[in-house]
Amino acid sequence: MIETSGRHTPAAGGTQPLLELRDLDTDIALRRGTVHALDGVSLQVMPGETLGVVGESGSGKTMTALSIMGLLPPGGRVSGGQILFEGRDLRSLPADEVRRIRGVRMGMVFQDPLTSLNPTMRIGVQVGEPLRVHERVGRAEARERTIEILRRVGMPRPDRIVDNYPHELSGGMRQRVAIAMALVCSPRLLIADEPTTALDVTTQRQILELIDDLREEFGMAVILVTHDLGVIAGRADRVAVMYAGRVVETAATGELFRSPRHRYTQALMEALPESAIRESGEHARLYSIPGLPPDLSRPLTGCRFAPRCRHVTDECRTTDVTLTAGEHQHACLHPVPAEPAAPVGLPTPARVEPAPDPAGAPAGPAEPAAEPVLSVRNLVKNYAAHGRGLLRRTAGQVSAVADVSFDVGPGETFGLVGESGCGKSTVGRLAVGLEQPSAGQIMLDGTDIAGLAGRERRRMHRQVQLMFQDSYAAMNPRMRVDAILAEPLEIQKVGGTAERRARIATLLDQVGLSRRVLERYPHEFSGGQLQRIGLARSLALQPRLIVGDEPVSALDVSIQAQVLNLMRDLQRELGLAYVFISHDLSVVDYMADRIGVMYLGKLVEVGPARDVVRAARHPYTQALIDAVPSVTPNPAAARDGATIRGELPSALNPPAGCRFRTRCPLAQDICATEPPLAGDAHQVACHFPLRPESAAAAAPAGAIA
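First residue of the sequence shown? That's 0 in numbering that gives the first Met the number 0, and the numbers climb one at a time after it.
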C-alpha cells in the first residue's frame, strides 16, 4: 500500500469538513446548446487535508474548481446543489460577502501563470493587490508583506523580483509568484489547478514540495487538480476520480492506487508508460482507452464510461450508476475485484494487464546499423545577447548548445531529455534545418545539411521532419486539414492532384483518422486528434527521420498512450528513426532505444535506455529520475537532498568545467575542469560517476545516489 507520510496527514481536530460540495450541478450556455459540465458532484475536504482530483480533459475537474471559486466562463452558472465552506452555503450568501470569502479564505493557483499574470504590471503590485483590496493596507505595507510572502515561497532575491515583470522570470519563478498571490491573505483552502503541467520534472517537484511545506506552515487544506496520476499518488491524502462531469471513484490514496475499483481508473493506470515496462526491460503495448468522452450537451443514460469500457454489458448502458457507500466509493456495476491488503509501507502497483506489444520488444533495429541516419558531431549554437536601451549593444553570447555529438540509426529512437533551458529543443531545430549551427556538423545520410542552401536545402526536408509540441499553434487556423496535409507535397512538387489526394488518404489511414476530417479546421479537433494530424503532416514526404519536440507533454495520459502506440507502430511499419525530445523520463524510457541527457547545452550521459534509467551514472540523471512522479513512489527519491536545488545557471555565463557543479552535492574542486564523455556503450561526463551497486554507501551525506 502507498503509505502517506506524516506531512500529508490532515490536521488534528478537523472533525467537520472545511469544504463540502453537495450534488453540485454546473451548466455552460453555448450557442449550440447547454453543456452540463457537472452533474451531482459531491466532495468533502477536511481541514489540513490534500484532496487530489484526477481525470481526462473534459472530465469536470477544472470546472469543479472554477465553480467553487466563482470563476466560471461566460455563460456558466451553478444550477444546483450546495457549496458549503466553513459550514456556510456560498450560494445563499450576499455577493459582497462571498467575494470577500473567496478573496481572503480561499486561494487558487492556475495552470499557466504567464497567462494568469498581468504582463503590464510589476510582480509586487500584482501579489500585493489582494491585500490592498480586501485588507485595505497601504502601499508600503503591501510591498513589505509581498516581499515576505515571496521569500516564504522560496523566491530568490524577492526585494528585486517585486520590481520585475512576468516575462522576465522563468516558468518556475512565475509559478512561485502565482502561489504567493494565492497565499498572501493566508487562506484556509488552496486550489491548485494543474500547477505543474507545463514544468519540467525537477521544477515540478520543487513546486509540489513547496505546496506541501506551505500547507503544513499555514495549516490549510489543498485541492490538487491534475491529470498526472503520479503527482496524485505522491501528494494527496484522498483521491477523487472524475469522468464526464461526475465523480466515479473516491478513496484514500494508498487504497485507490493499490486496488482501483472503477474500470475507468483501472484504464488510466494501464495507460501509464511505467505500467508497460516489464522487469526484463521489454515494453508491453500501452493500453489505449478507445473513443472520446461523451458530449455533455446531449442527454446521457446509463454509465457514462460504458461506450469506452471493455467490460460493458447491456445493464451498464441503461442503469444510472451512483457511488457506493463506505470509505472506498465507486460507481461501477462490474468493478475491478478488490486486491487483498498489502503490508503497510510496502508500495505495490495497481494490477494492470497491458496488451502485448505486436513485436514483443522495444521498437528499434535488431542489429546495430552500419550507417546512421543522423550523425551530429561537435554541434555548437550560440546566440548574441543584446543589452537594453536604444542601441542594444551586444552584451555577450548565450551558449545554447556546446559540443554535442550523437548518432541515430535506421529504425532507432534516440531520446533527448533535460530541464527546460538545457538546449534539447535547440538541438531539434538544428537537426531539421530550422536554424544554422555556429559550429559542428549535422550529417543526414552522410550529407552535412548545415552547408546546404536553396533547392538542396528544400530537398533535404524530404528526409527529416519536425513534430511540434503544440500542433494547433503549428497549423494555420484558416486552412482546412486537406490543405494542411497537401502543403508539403505542393512545396516539394510531389506528384499531381490525384497523386496528392491518394497520398493524403494513405496518411489518414496510417494515423487512424477518417476522411471526414479533411473538410474541418484545426480548432474543431481535440488535442490527440491534432497530434495525429501533425504526425500525418510529418509523414507526408516519407521522411527517414522525425524529430518529436515534446510531442505528448500536453496530452492526458489516455491520449498520450494512443499517440505513443501510433508512433511505435509507424516506426515498425515504415522503418522510421526518431529523435524524441522530452522532459519526462518515464515517456522517454518507454519510447527510446538510447537516451542522451542534456544539461545547460551539454550531453552529460548517453547510453542504452534501460541502463541510463535503471543504472544512472551522472548525479543529474539520477536527480531527474528521482523527480519523476510515479504511481509506485520510490522511497529513496523522497529523502533529503534528492531534489535539485536552485535555478538553472545562466547560459550567458555558464559555470566553468562541469556545468552541473553549482547544483551538484558531489562537486569538488576538480569539477571546475571539464570532464569528457567517457565509456563505451554507456558514456558519462562526470569526475565522480555513480556506481549503482555502491552509490548509497559511497556518496557523502545528502548526496544523490
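Beta carbons: idealized from backbone N, C-alpha and C, even for Gly.
The model shown is predicted, which means the values in this text are computed figures rather than measured ones.
Practice item. Could you spell out where the alpha helix (DSSP H) holding Phe-84 opens and where it closes? Key: Working through the sequence shown from its first residue, we reach residue 84 at position 85. Counting along the chain, Phe-84 falls outside any alpha helix (DSSP H), though it belongs to the beta strand (DSSP E) covering 75 to 84.
Exercise for review: Tell me whether Arg-428 counts as near the ligand ADP, meaning its Cβ is closer than 6 Å to at least one heavy atom of that ligand.
Suggested key: You won't find the ligand ADP in this model; it holds no ligand whatsoever.
Check your understanding: Out of Arg-187, Val-136, Phe-256, Asn-381, which has the shortest C-alpha to C-alpha gap to Gly-51?
Key -> Locating residue 51 in the sequence shown gives position 52, counting from the first residue. When only C-alpha atoms are compared, the closest one is Phe-256.
Review point. Is it a yes or a no for the segment 561 to 569 touching the segment 479 to 492, going by three-plus beta-carbon pairs under 8 Å?
Key: no
Point to revise | Continuous beta strand (DSSP E) stretch holding Gly-170: start and end | key: Working through the sequence shown from its first residue, we reach residue 170 at position 171. For Gly-170, there is no enclosing beta strand (DSSP E); the residue is part of the alpha helix (DSSP H) that begins and ends at 170 to 182.
Exercise for review: Going by DSSP, name the residue or residues bridged to Ala-384.
Suggested key: Your numbering for residue 384 matches position 385 in the sequence shown. In the DSSP output, where bridge partners are listed per residue, Ala-384 has Gly-395.
Practice item. With a 10 Å radius around its C-beta and 16 neighbouring C-beta atoms as the bar for buried, classify Arg-514 as buried or exposed. Key: Walking along the sequence shown from the start, residue 514 turns up at place 515. In the assembly as shown, Arg-514 is an exposed residue. Its beta-carbon has fewer than 16 other beta-carbons within 10 Å.
Check your understanding: Assuming Cys-302 contacts Leu-332 under a Cβ cut-off of 8 Å, what Cβ separation, rounded to an integer in Å, is found between them?
Key -> Along the sequence shown, read from residue 1 onward, the residue named residue 302 stands at position 303. Along the sequence shown, read from residue 1 onward, the residue named residue 332 stands at position 333. Cys-302 to Leu-332, Cβ: 7 Å. Contact.
Exercise for review: Assign Gln-435 to buried or exposed, taking buried as 16 or more other Cβ atoms, counted over all protein chains shown, within 10 Å of its Cβ.
Suggested key: Working through the sequence shown from its first residue, we reach residue 435 at position 436. By the 10 Å Cβ count, Gln-435 comes out exposed.
Review point. How is Gly-51 classed by DSSP in three states: helix, strand or coil?
Key: The sequence position of residue 51 within the sequence shown is 52, counting from 1. Strand.
Practice item. Specify the secondary structure class of Ala-239 as computed by DSSP and reduced to three states. Key: As a working mapping, residue 239 is identified with position 240 in the sequence shown. Strand, per DSSP.
Practice item. Indicate the three-state DSSP secondary structure (helix, strand or coil) for Gly-445 in the structure shown. Key: Translated into the one-based positions of the sequence shown, residue 445 becomes position 446. Correct three-state label for Gly-445: coil.
Exercise for review: Could you round the C-beta distance between Leu-116 and Pro-165 to whole angstroms and report it? I think they count as a contact, below 8 Å.
Suggested key: Taking the first residue of the sequence shown as 1, we reach residue 116 at position 117. Taking the first residue of the sequence shown as 1, we reach residue 165 at position 166. Between Pro-165 and Leu-116 the Cβ distance is about 4 Å, and since that is below 8 Å, they are a contact.
Exercise for review: Identify whether Val-320 lies in helix, strand or coil by the three-state DSSP scheme.
Suggested key: By 1-based counting over the sequence shown, the position of residue 320 is 321. Residue state, collapsed to three classes: coil.
Check your understanding: Looking at C-beta atoms only, is the number of pairs between the segment 450 to 462 and the segment 535 to 545 that lie closer than 8 Å three or more?
Key -> yes
Exercise for review: Under 8 Å by Cβ, that's how I've got Pro-16 and Met-45 pegged, so tell me the actual separation to the nearest angstrom.
Suggested key: Locating residue 16 in the sequence shown gives position 17, counting from the first residue. Locating residue 45 in the sequence shown gives position 46, counting from the first residue. Indeed, because the Cβ distance is near 6 Å, the residues count as touching under 8 Å.
Exercise for review: Use the C-beta contact count for Leu-198: other C-beta atoms within 10 angstroms, 16 or more gives buried, fewer gives exposed.
Suggested key: Looking up residue 198 in the sequence shown gives position 199. Buried: at least 16 other Cβ atoms inside 10 Å.
Review point. Val-463 bridges to which residues according to DSSP?
Key: Position 464 of the sequence shown, counted from the first residue, corresponds to residue 463. The partner list for Val-463 (beta bridge, DSSP) reads Leu-544.
Practice item. Have a look at Asn-381 and Ala-438 and give me their C-alpha separation to the nearest angstrom. Key: Here residue 381 corresponds to residue number 382 of the sequence shown, with the count starting at 1. Here residue 438 corresponds to residue number 439 of the sequence shown, with the count starting at 1. Computed Cα separation, rounded: 9 Å.
Check your understanding: In the structure shown, what three-state DSSP assignment does Ser-56 receive?
Key -> Along the sequence shown, one-based indexing puts residue 56 at 57. Here Ser-56 sits in coil by DSSP.
Review point. For Cys-685, which residues of its own chain have a beta-carbon under 6 Å away from its beta-carbon, when the five flanking residues on both sides are left out?
Key: For this step, residue 685 is matched to residue 686 along the sequence shown. Excluding sequence neighbours, Cys-685 sits near His-617, Pro-674.
Exercise for review: Return the CA-CA distance between Val-152 and Ala-576, expressed in angstroms with no decimal places.
Suggested key: Position 153 of the sequence shown holds residue 152. Position 577 of the sequence shown holds residue 576. Each residue's alpha carbon lies about 43 Å from the other.
Exercise for review: Could you say which of Ala-608, Ala-650, Ser-557, Pro-487 lies nearest to Pro-292 if we only look at CA atoms?
Suggested key: Along the sequence shown, one-based indexing puts residue 292 at 293. Considering only alpha carbons, the answer is Ser-557.
**Study point:** Three-way DSSP call (helix, strand, coil) for Pro-607 in this model
**Key:** Translated into the one-based positions of the sequence shown, residue 607 becomes position 608. Residue state, collapsed to three classes: strand.
Review point. Between the beta-carbon of Phe-659 and the beta-carbon of Gly-414, is there less than 7 Å?
Key: In the sequence shown, residue 659 corresponds to position 660, counting from 1. In the sequence shown, residue 414 corresponds to position 415, counting from 1. No; because the gap between Cβ atoms is not below 7 Å, this pair is not in contact.
Point to revise | Extent of the continuous alpha helix (DSSP H) run through Val-426 | key: By 1-based counting over the sequence shown, the position of residue 426 is 427. Val-426 -> alpha helix (DSSP H) spans 423 to 430.
Practice item. Write down every uninterrupted run of the alpha helix (DSSP H) in the segment 192 to 228 whose length is 4 residues or greater and which is fully enclosed by it, in chain order. Key: 200 to 217
Review point. DSSP state of Gln-435, grouped into three classes?
Key: For this step, residue 435 is matched to residue 436 along the sequence shown. Here Gln-435 sits in coil by DSSP.
Review point. Just to confirm, are Val-34 and Ser-296 a CB contact at a threshold of 7 Å?
Key: Within the sequence shown, the letter at position 35 stands for residue 34. Within the sequence shown, the letter at position 297 stands for residue 296. In this structure, Ser-296 lies closer than 7 Å to Val-34 by Cβ.
Review point. Alpha carbon to alpha carbon, how far is Leu-285 from Ala-650?
Key: Reading the sequence shown from its first residue, position 286 is the one you call residue 285. Reading the sequence shown from its first residue, position 651 is the one you call residue 650. Their backbone Cα atoms lie some 38 Å apart in a straight line.
Practice item. Would you kindly work out how many angstroms separate the C-alpha atoms of Gly-74 and Ala-472, rounded to a whole number? Key: In the sequence shown, residue 74 corresponds to position 75, counting from 1. In the sequence shown, residue 472 corresponds to position 473, counting from 1. For Gly-74 and Ala-472, the distance between alpha carbons rounds to 26 Å.
Review point. Would the segment 216 to 225 and the segment 155 to 171 be scored as touching if the rule is three or more Cβ pairs under 8 Å?
Key: no
Exercise for review: Could you please give the first and the last residue of the uninterrupted beta strand (DSSP E) stretch that includes Asp-24?
Suggested key: Position 25 of the sequence shown holds residue 24. Looking at the DSSP string, the run of the beta strand (DSSP E) that includes Asp-24 is 18 to 29.
Review point. Can you list, in chain order, the residues of its chain whose CB lies under 8 Å from that of Asn-377, leaving out five sequence neighbours each side?
Key: Looking up residue 377 in the sequence shown gives position 378. Closer than 8 Å at Cβ, skipping near neighbours: Asp-402, Val-403, Ser-404, Ala-438, Gly-439, Gln-440.
Point to revise | Inter-residue spacing [alpha-carbon to alpha-carbon] between Thr-195 and Val-183 | key: By 1-based counting over the sequence shown, the position of residue 195 is 196. By 1-based counting over the sequence shown, the position of residue 183 is 184. If I take the Cα positions, the gap works out to 20 Å.
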